[in-house]
Amino acid sequence: MKTSLIPALVFIFSACAGTRREIRLTSEPSIERAMDKLASVPEGKKLLEFLYKNPIRFEYSNTPGLCYKFSLKAGTIFLPTDLRDSETLFALTIGRAAYIYRFYAETGIEEILAEEEEAAALFQARAAIEMNVQAPDFRSKKLGSAIKANLCTYLFIGAREAMQKTRSWALSYPDADCQRPLETLENQHIWLEGIRQSVSNATFFQMLYDRDQRKVRGGLLTQVQAMSNDAKIRAIPLSEIYRFQQTFYSAQSGILSNFEKAYRQALKYDEAWNADNAGLVQQSRETTSVCKLPE
């Protein structure tokens, strides 16, 4: 009886493994190797498991720089080529970008918010601690400076300060190539309130158009896509506009509520992780050579 189950179990496990292999997150071997590095630690493993259940493509960007870039509608995250020579730094960069994508996949939020970068910075620090990164991983000051600064702030000052520095970076340094400055949750609420009021003051079309233009400037949409969206919305019959506005407002309100919940959960998770891994964090403070490197 038990013996007869063995072939069936082998088939089931083989099918599961085969399904995972059939899901290709990238066509680039160097990106795959960095993903394997990320999956070698608990934080990264959980994130990769999520990606295989909710796939998105990772490819190299065709522009220089150290930024990851999102084309969420196209289902692609573009990665900086400059980091691929450091497998550890590249793995941590992929992880941070993938963590931001998870917010989109779980909540439907289309804009990249400063709050997403904050939570992703905490993830990156946790993964770096689990990887036990050391000075040799930061051979280039230029390539590793941001990751090093985030890790050292997280270790020696705390998560809140790491989040604040990330937020300042995300909002204070305009860089269209890096899709910055980012939006904020507060601005999203202000915009949504404007959408609610537009039901009665006839600014609905303009607000949607302006929002898409911000996405164009941030690299999240092309101008052609923005114009196409505007044309489709303006083609809605007048008799259906009010219902469309109400449905749109309700959907966007739900997305923001879901995002706020996910963001709060991410911060609570970080606190719990620190409590559960207090020994590892303290060991990292005592043994890491990264934060002793000169600036």
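Mapping of the sequence shown onto the numbering used here: position 151 corresponds to residue 869, and the numbering continues sequentially without gaps.
C-beta atoms are modelled at their ideal positions from N, C-alpha and C, and glycine is treated no differently.
Check your understanding: From T1006 to V851, what does the alpha carbon distance come to, in whole angstroms?
Key -> For T1006 and V851, the distance between alpha carbons rounds to 7 Å.
Point to revise | Close-in-space but distant-in-sequence residues of the same chain around I749 (CB under 6 Å, 5 per side omitted) | key: If we look at I749 and ignore the five residues flanking it on each side, its Cβ neighbours are F776.
Practice item. Return the chain-ordered list of same chain residues with a C-beta closer than 7 Å to the C-beta of R952, the five sequence neighbours on each side being excluded. Key: So the list reads F923, once near-sequence residues are dropped.
Check your understanding: Rounded to a whole number of angstroms, what is the C-alpha to C-alpha distance between N868 and S779?
Key -> Near 23 Å, if we compare the C-alpha coordinates of S779 and N868.
Exercise for review: Compute the Euclidean distance between the alpha carbons of L831 and R751, then round it to the nearest angstrom.
Suggested key: If you take the alpha carbons of L831 and R751, they lie about 29 Å apart.
Practice item. Give me the Cβ distance between I865 and L938, rounded to the nearest whole Å; I'm assuming they're in contact under 8 Å. Key: Not confirmed; about 24 Å, so no contact.
Review point. With distances taken between CB atoms, is the gap from L810 to L769 smaller than 7 Å?
Key: No, they are not a contact pair.
Review point. Looking only at its own chain, which residues have a Cβ that is under 8 Å from the Cβ of E848, when we skip the five neighbours before and after it?
Key: Taken in chain order, the residues that qualify are V759, P760, E761, G762, L998.
Point to revise | Coarse secondary structure for T794, derived from DSSP in three states | key: It is a strand residue.
Practice item. Assign L900 to one of three DSSP states: helix, strand, or coil. Key: Collapsing the DSSP output to three states places L900 in coil.
Review point. Where does R814 land, buried or exposed, given buried means 16+ other C-beta within 10 angstroms?
Key: A residue is called buried once 16 or more other Cβ atoms fall within 10 Å of its Cβ, and R814 is buried on that count.
Point to revise | Which of helix, strand or coil DSSP assigns to D800 | key: Here D800 sits in helix by DSSP.
Review point. Is it buried or exposed for K979, if we count other Cβ within 10 angstroms and need 16 for buried?
Key: By the 10 Å Cβ count, K979 comes out exposed.
Practice item. Can you check DSSP and say which residues form a bridge with E777? Key: Under DSSP, E777 forms a beta bridge with F796.
Review point. Which residues in the same chain have their Cβ closer than 7 Å to the Cβ of T871, if we skip the five residues on either side of it in sequence?
Key: Taking T871 as the centre and dropping the five residues before and after it, the same chain places the C-beta of E879, A880, K883 closer than 7 Å to its C-beta, in chain order.
Review point. Straight-line CA distance for Y822 to A993?
Key: In this model, Y822 and A993 are separated by some 28 Å (Cα to Cα).
Check your understanding: Should Y819 and F841 be called a contact, given that it needs their Cβ atoms to be closer than 7 Å?
Key -> It is not a contact, given that the beta carbons lie outside the stated cut-off.
Exercise for review: Within its chain, find whatever has a CB closer than 7 Å to the CB of A733; leave out the 5 residues flanking it on each side and keep chain order.
Suggested key: With a pLDDT of 43 at A733, under the threshold of 50, the modelled position of this residue cannot be trusted, and the question is left open.
Exercise for review: Just grab the DSSP bridge partners of D893 for me.
Suggested key: For D893, the beta-bridge partners assigned by DSSP are R898.
Exercise for review: Let me know the secondary structure DSSP gives L831 once reduced to three states.
Suggested key: Strand at L831.
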